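Numbering-wise, UniProt numbering puts 207 at position 207 of the sequence shown, and it's gapless, one number per residue.
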Amino acid sequence: MEVAISFFQALAHSAIGFFLSFVEFVTARPKSVVDRVIVITGAAQGIGKEVAAKFAALKAKVVLLDINSEMNAKAAEEIRQSGGCAYDFVVDVTRPEEMRQIAKTIKDHKDLGCADIVICSAGILIPKLLEDNTDADIRRTFDVNVLGYFWTIKAFYPMMLSRGSGHLVAISSVGGHFGCSYSSSYSASKFAARGLMESLEWEIYDHGMCNRIKTTTVYPCFTDTNLLQFCNVHSPYVSTVSHSSFQACIHYRILRLLTVEETAQGVVDAVLYEKCEAYIPFYARWFCLELKR
């Protein structure tokens with residue numbers, strides 16, 4: 001009975017959320033990204049790669065950053081073959097000195113300049129119980145998912161402050177709102193990304209630049225990328241978590257496993273409409289909030 005009540009409460013909140021999101025959608029106008037320099041980390045594959053392709057189709061200059069040189073170059077070439085404008089650079093987001101150097105390289109590039117939009121998309125997931133996580137597993141997760149976001153933002157944010165404009169985007173997760181089995185380090189890292197962006201938003205406000213430098217934090221539901229290849233995920237519905245009301249949402253097929261294209265489109269829309277927070281699918285927001293009650 002408790003699960004049913006919790007489920008229908010979440011469903012009611014989602015209905016309200018649907019209406020509010022619809023009103024927001026019909027009244028808002030997307031911004032243009034034509035000739036804008038958009039930097040994307042973790043762009044060689046998965047969500048980052050698809051986001052880069054979608055922005056290139058909107059005539060933006062996309063800069064693909066990834067540690068995998070071969071896959072990153074291939075992703076950029078695919079965009080160029082499709083008529084888009086793409087540049088690829090090899091970088092390790094866990095190394096702050098490399099991020100500072102690549103930010104300078106992009107700024108000084110004759111065809112690029114200061115980044116207009118920076119999207120932190122690099123991420124890893126090591127699905128293990130906490131007692132099975134090695135020290136190296138936990139450190140690597142935080143190096144990429146948390147410190148990688150810090151180093152990326154710290155490399156580009158000062159330039160945006162000096163110029164007085166910019167847009168910083170972080171890909172978090174619904175796992176940034178609640179934990180689940182086999183993802184203690186991953187969920188903790190996504191909570192951290194959420195905290196980073198909320199704090200940064202206040203700092204930008206303190207600088208008096210909240211109308212000129214935008215922040216967006218994206219909370220996708222589980223997405224069918226290579227990050228999930230070792231997880232207990234039964235497509236098209238996810239069955240990895242233990243929270244009762246969330247299980248009910250999955251059982252009744254309310255929250256499903258997203259495709260990369262769906263998540264990437266949600267990220268692009270969030271940027272174009274300059275949303276401070278974006279949940280994918282949009283109604284996941286009310287499930288996340290309801291689960292914390």
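C-beta: ideal position from N, C-alpha, C; glycine also.
Source: prediction; values computed, not measured.
Three-state class that DSSP yields for residue i in the structure shown
i      : result
Glu77  : helix
Ile119 : strand
Phe142 : helix
Asp88  : strand
Ala103 : helix
Cys288 : helix
Val174 : helix
Leu130 : helix
Start and end residues, alpha helix (DSSP H) containing residue i
i      : result
Tyr205 : 184 to 206
Thr152 : 148 to 163
Asp269 : 260 to 272
Val218 : Run containing Val218: none in the alpha helix (DSSP H); it sits in the beta strand (DSSP E), 213 to 220.
Within 8 Å, strictly: CB atoms of residue i and residue j
i      : j      : result
Cys201 : Cys276 : Sequence check: residue 201 is Glu here, not Cys. The answer is yes: Cβ separation under 8 Å.
Ile40  : Ala52  : yes
Ala56  : Val63  : no
Lys54  : Asp35  : no
Val146 : Ala193 : yes
Tyr283 : Tyr219 : no
Pro96  : Lys49  : no
Val169 : Val93  : no
Ile204 : Ser165 : no
Val268 : Gly46  : no
Lys91  : Leu65  : Looking at the sequence shown, residue 91 is not Lys but Val. Closer than 8 Å, so yes.
Element boundaries [beta strand (DSSP E), containing residue i]
i      : result
Lys61  : 61 to 66
Val51  : Run containing Val51: none in the beta strand (DSSP E); it sits in the alpha helix (DSSP H), 46 to 57.
Tyr279 : 277 to 280
Thr41  : 37 to 41
Member of the options whose CA lies at the smallest distance from the CA of residue i
i      : options                      : result
Cys120 : Ser199, Leu130, Met99        : Met99
His109 : Phe89, Gly83, Met160, His177 : Phe89
Val29  : Trp286, Val271, Arg285       : Note that residue 29 is Arg in the sequence shown, not Val. Checking every option, the nearest Cα to that of Arg29 belongs to Val271.
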